[in-house]
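Heads up, the thing below is written out as structure tokens.
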Amino acid sequence: MAQPSAVLDERARPTTDSRLRVVLLLDVQDGAQQRFLDAYEQMRYQVSAVPGHLMDQLCQSTEDPLRWLITSEWEAAEPFLTWLDSPEHREVVRPLSSCVRDTRSLRFTVFRETFGTRSVDSALPPRERNGSAHPVALGPGPDGITRHALTFFVKPGSEQTVAGILAGYTSPAAKVDDTTRLVRTSLFMRGNQVVRSVEVVGDLVAALRHVAAQPEVRAVEEAINPYLEQARDLSDPLSARDFFMRAALPAVHHHARAKQPPSAQEPSRYAFSYPARPGCGAAVAEYLSRQDKAAVNDSASPLVRSTVFQREDCVVRLVDLTVPPQTDPAAALGLTGPRAGAVLARLLRSAPELRDDDGRRAALAGWELTPITDRRSPQA
């Protein structure tokens with residue numbers, strides 16, 4: 006057997022990309038079993054030809070014949086996510102999705118393996134690698150809260166109408182089940198871009214499904230459908246899945262002050278979108294994270310909490326500040342050191358001068374999102 010120290014030493018990992026294991030749980034419609042099997046039989050050969058795909062398995066529950074499990078393994082996260090975002094993927098899975106009542110997708114990096122008497126540590130998880138275009142979302146923070154965001158675009162000229170619809174809905178019930186509840190929903194717009202962030206205690210997927218099923222939310226989603234740049238049909242599971250995949254904006258960094266001073270002003274929430282240069286989204290997110298980590302440890306900083314959301318070159322930073330952004334533009338933008346503005350500017354497109362407050366205020370005017378609604382559950 007491998008020595009215990011070799012198995013338990015977290016530092017002894019290779020430096021190449023980790024393989025990815027994808028787990029898809031499916032509830033097949035009653036009477037659609039054969040169509041499902043025929044669709045899978047056709048799909049698996051097409052998927053096996055995708056670069057980076059290693060293997061897959063189809064398994065049936067021993068307790069419920071309508072419940073199935075598909076597992077696949079990939080060389081790394083990157084080829085899987087590239088294929089997942091492609092039009093080819095949507096066409097390949099369409100026949101399978103038409104047979105399914107409900108699905109749940111889970112993704113894991115292969116961390117450690119045992120082969121007989123040999124134990125092997127796998128590669129660094131994607132979150133510990135730099136430069137990935139597809140970041141790994143954070144799990145719950147020290148406060149037990151999981152953060153996630155969606156972003157999508159509405160047709161130019163419809164912004165005020167959409168803002169009115171999104172601001173006026175009735176909040177859904179915060180309690181999802183005994184272990185999951187909604188904590189906070191914040192919604193912003195800039196131009197025709199909508200950014201909606203959610204904070205959840207418990208199971209994020211269960212919370213999102215709960216929200217989507219509420220009559221108040223369904224009415225709002227139906228009301229904004231005519232104004233979306235990309236059409237969707239949330240009553241169609243495949244269309245809904247495509248929308249949420251395109252709109253997903255994972256939280257990749259979060260920092261918060263350990264303890265708020267008793268006399269401190271109640272913080273207000275703001276959001277900023279950073280125009281990253283092509284291919285620099287992950288670097289922008291990482292740099293802002295380092296700046297915010299230093300700021301929340303500085304008792305003089307007005308920054309109380311910061312969450313950075315990033316997907317490819319879309320970077321949105323959500324902050325809670327004890328002062329208005331114009332009062333301390335450096336803290337609002339995530340610039341804590343004398344050279345921070347110059348460093349960040351090199352990662353951005355057409356950035357104004359960020360080394361003085363006048364330039365920073367100009368950046369605020371261009372990057373700040375307009376708040377539409379910010380709702381907390383009574384228990385938050």
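Take any residue in the sequence shown, note its place counting from 1, add 5, and you have its number in our numbering. We put the CB at the ideal spot given by N, CA and C, even for glycine.
Here residue 306 is actually not in contact with residue 324; their C-beta atoms are around 11 Å apart, not less than 8 Å. Counting only the Cα atoms, residue 23 lies some 15 Å from residue 119.
In the structure shown, residue 318 falls within a coil segment according to DSSP collapsed to helix, strand and coil. Counting C-beta pairs closer than 8 Å gives fewer than three between the stretch 274-285 and the stretch 216-225, which falls short of the contact rule. In the structure shown, residue 160 falls within a coil segment according to DSSP collapsed to helix, strand and coil. Using a C-beta cut-off of 8 Å, the stretch 231-240 makes no contact with the stretch 308-322, since fewer than three inter-stretch Cβ pairs fall below that distance. Given a length threshold of 4 residues, each whole run of the alpha helix (DSSP H) inside the stretch 73-129 is given here in chain order: 82-89 and 92-102.
Within the stretch 259-334, the complete alpha helix (DSSP H) segments of 4 residues or longer fall at 286-301, listed in chain order. Residue range 38-53 is occupied by the alpha helix (DSSP H) that includes residue 43. The residue from 224, 330, 202 and 70 with its alpha-carbon nearest to that of residue 173 is 224. Annotated three-state conformation of residue 239 is coil, per DSSP. As the crow flies, the alpha-carbon of residue 162 is around 13 Å from that of residue 169.
Between the stretch 37-44 and the stretch 93-109, the count of Cβ pairs shorter than 8 Å is three or higher; the stretches touch. Looking at the backbone, the Cα of residue 226 and that of residue 245 are separated by about 11 Å. Rounded to the nearest whole angstrom, the C-alpha separation of residue 187 and residue 376 is 19 Å. Beta bridge pairing from DSSP links residue 56 with no other residue. A direct Cα-Cα distance of roughly 14 Å separates residue 347 from residue 279.
Taking each of 319, 114, 247 and 314 in turn and checking the Cα distance to residue 294, the smallest one comes out for 314. For the pair residue 212 and residue 185, the CB atoms are nearer than the 7 Å cut-off.
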